[in-house]
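First the structure, in the form of structure tokens, and then the observations on it.
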Amino acid sequence: MDIEIRPCASAEEVRQALTPIRHYFGLSTPPTEGQAERLTRVLPAERVYAAWEGGRAVGGLGAFSFHLTVPGGRVPAAGITVAGVLPTHRRRGVLRAMMRGLLDACRLQGEPVAYLWATEDTIYGRFGFGLASFTAEIDLPRERSAFRTPFAAAGRVRLVALDAAEECLATIYHRAAAATPGMFARSSAWWQARILTDPEWRRGTDGDLQCAVLENEGRPSAYALYRMNWAFERGLQTGSVAVIEAVADSPEATAAIWRYLLDIDWMARVRAWRLPLDHPLLLLLAEPRRLGFSLRDGVWVRLLDVKTALSARWYHALGSVVIEVIDEFCPWNAGCWRVGSGGIDRTDEAPGLRCDVSALGSVYLGGFSWTQLARALRVQEVSPGATAHADAIFHTEGAPWCPEIF
Ligand SMILES: CC(C)(COP(=O)(O)OP(=O)(O)OC[C@H]1O[C@@H](n2cnc3c(N)ncnc32)[C@H](O)[C@@H]1OP(=O)(O)O)[C@@H](O)C(=O)NCCC(=O)NCCS
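Going left to right, the sequence shown walks through residues 1 to 406 as the working numbering numbers them.
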């Protein structure tokens, strides 16, 4: 039977389009109408593509509309999500066909960048996505969590009810997100539908979602969303704090909110996922080894429109570099581009570097340097010295960070 790829036309169709990815979570039914309604507040039906066979969705793929922070600016970006194809229809090109339809639509709607979290690192490279950041996990015994120098936090932490937290958290988040490549702006709908909600299925064995806010002279400067998982064995505490998200707008506030989390009584360990590669705890702690800091791939970035995407970034005023881009999936990007603070333009000049478009995705947020890519044979230096020169032009401070999986 033929498979038709098209966007959903209603919340009911979105429910159907989510059944393939839900299959992999062990669920055989579509989301409830209430769940679908909450999702469509942040993911309208026309932003969800599905593969239809005989009136039934066998695949789904969606794109949130984000404003992604990049070095020196912000850019409209498609946040790719809910990718799933039923096992009965795998490896027949269904994902490829949905990706074609969705990415083309995103580009036409003025989103020059797409980005995503990948469940498997083999899936998205073929579509031009490049690994663009790392994400770190920690599991720290509380008794080994002392800072290397005495620390007295300025300000006080108070607990805030989830239904009263949005305004305060959004202010702090906005300041942090505007300065951190990889973060995206959150709408009120996003806060309500995705962040300040505590459905049973998200908890696992952990407790309720808690919200703590650090205030200094009435000004909120950091917050933490976390869950307590209490446990005792023979009278000794063995439970842990699971940090969902801790965001601050200054180094002092970062240290203070983490000190709060590390000092919660009854807990034996503090666990967190989705920390940036250069998290300050590595240098704040007296024993950073105790963090058990471990890395894996973070977000993957795809430039849908090379000129517009690269123009949204900041570059050092150190001249420019000509990059020859190879792009099979989006051939309009292919060719030579002069890139620098003077602008991004097509050129007939000989390239200094030659690479697949996925390499541009890797350097876009500042997560990788051209030198790192060259060492991994991901970029070809056509003109001697071009790699180092490109690094000087693309240089950024700090690792990109996306604190949530979408
Ligand atoms: C990942 C998934 C969506 C792929 O769907 P699909 O329809 O089988 O993919 P396609 O047939 O369009 O594959 C396109 C290409 O990607 C390859 N590919 C797809 N999924 C792959 C995977 N998991 N590992 C390695 N290669 C993969 C295919 O071999 C094919 O290669 P080709 O173009 O060289 O022939 C599907 O397997 C799935 O639903 N997996 C479980 C849920 C999941 O992981 N979703 C991703 C969430 S981020």
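No residue lacks a Cβ here, since even glycine has one placed at the ideal position from N, Cα and C. Treat the numbers as computed from the prediction; the structure is a model and nothing was measured.
Check: Distance, Cα to Cα, T254 vs W401?; Outcome: 15 Å
Check: Spatial neighbours of A242 within its chain, please: CB distance less than 7 Å, with the 5 preceding and 5 following residues excluded, ordered by chain position.; Outcome: D206, Y226, R227, N229 and R271
Check: With a threshold of 6 Å, establish whether the CB of Y24 neighbours any heavy atom of ligand 1.; Outcome: yes
Check: Quick one: residues in its chain with C-beta nearer than 8 Å to the C-beta of T347, no 5 flanking neighbours on either side, listed in chain order?; Outcome: V322, C336, W337 and R338
Check: In chain order, what residues of the same chain lie with their CB nearer than 6 Å to the CB of A399, ignoring the 5 residues before and after it?; Outcome: P276, L277 and D278
Check: Roughly how far, in whole angstroms, is the beta-carbon of V247 from the beta-carbon of V213, given that I think they are within contact range, below 8 Å?; Outcome: The pair is not a contact, with the Cβ atoms about 11 Å apart (cut-off 8 Å).
Check: Going by DSSP in three states, G73 sits in which element: helix, strand or coil?; Outcome: strand
Check: Could you check the C-alpha separation between S294 and T238 for me, to the nearest Å?; Outcome: 22 Å
Check: Pull up the DSSP beta-bridge partners for D139, would you.; Outcome: R271
Check: Please classify C106: does DSSP put it in a helix, a strand, or coil?; Outcome: helix
Check: Flag I393 as yes when its Cβ comes closer than 6 Å to any non-hydrogen atom of ligand 1, and as no otherwise.; Outcome: no
Check: Please classify P251 as buried or exposed, where buried requires at least 16 other C-beta atoms within 10 Å of its C-beta.; Outcome: exposed
Check: Out of M183, E245 and A154, which one is the CA nearest neighbour of P76?; Outcome: M183
Check: Could you please give the first and the last residue of the uninterrupted alpha helix (DSSP H) stretch that includes G367?; Outcome: Taken as a continuous stretch (DSSP letters only), G367 belongs to no alpha helix (DSSP H), as it is neither H nor E.
Check: What's the gap between the Cα of Y223 and the Cα of L284?; Outcome: 18 Å
Check: Does the beta-carbon distance from I5 to G101 come in below 7 Å?; Outcome: yes
Check: Could you check where the beta strand (DSSP E) with D391 kicks off and where it finishes?; Outcome: That residue, D391, is in no beta strand (DSSP E); its alpha helix (DSSP H) goes A386 to F394.
Check: Can you list the beta strand (DSSP E) stretches of 3 or more residues lying completely in the region 182 to 246, in chain order?; Outcome: 210 to 216 and 219 to 229
Check: For I123, is the beta carbon positioned less than 6 Å from some heavy atom of ligand 1?; Outcome: yes
Check: Between the beta-carbon of G366 and the beta-carbon of P112, is there less than 7 Å?; Outcome: no
Check: Say yes only if the C-beta of A9 is nearer than 6 Å to one or more non-hydrogen atoms of ligand 1, and no if none qualify.; Outcome: no
Check: Given that a residue counts as buried once 16 or more other Cβ atoms are within 10 Å of its Cβ, and exposed if not, what is D407?; Outcome: The question about residue 407 has no answer here: the residues shown for the chain are numbered 1 through 406.
Check: Express the C-alpha separation of L236 and P30 in angstroms, rounding to a whole number.; Outcome: 43 Å
Check: Under 8 Å by Cβ, that's how I've got R290 and L140 pegged, so tell me the actual separation to the nearest angstrom.; Outcome: 6 Å
Check: Along the chain, where does the beta strand (DSSP E) containing V160 start, and where does it finish?; Outcome: It is not in any beta strand (DSSP E) - V160 carries neither H nor E in the DSSP assignment.
Check: CB of E4 to nearest heavy atom of ligand 1: below 6 Å?; Outcome: no
Check: Evaluate Q16 with the Cβ neighbour count: other Cβ atoms within 10 Å of its Cβ, from every protein chain shown; 16 or more gives buried, anything less gives exposed.; Outcome: buried
Check: Please tell me whether, using a cut-off of 6 Å, the distance from the CB of L95 to the nearest non-hydrogen atom of ligand 1 is below it.; Outcome: yes
Check: Please identify the residue among G130, A176 and Q380 whose C-alpha is closest to the C-alpha of P220.; Outcome: A176
Check: For F66, count neighbouring Cβ atoms within 10 angstroms of its own Cβ and tell me buried if that reaches 16, exposed if not.; Outcome: buried
Check: If you reduce the DSSP assignment to three classes, tell me which class L304 lands in.; Outcome: coil
Check: If you draw a straight line from the C-alpha of E233 to the C-alpha of E245, how long is it?; Outcome: 28 Å
Check: Buried or exposed: where does T19 fall if 16 or more other Cβ atoms within 10 Å of its Cβ makes it buried?; Outcome: buried
Check: Do W190 and V42 have their beta-carbon atoms positioned less than 7 Å apart in this structure?; Outcome: yes
Check: Answer yes or no: do V382 and G343 have a C-beta to C-beta separation smaller than 7 Å?; Outcome: no
Check: Among residues of its own chain, excluding the 5 on either side of G110, which ones have a beta-carbon nearer than 7 Å to its beta-carbon?; Outcome: P76
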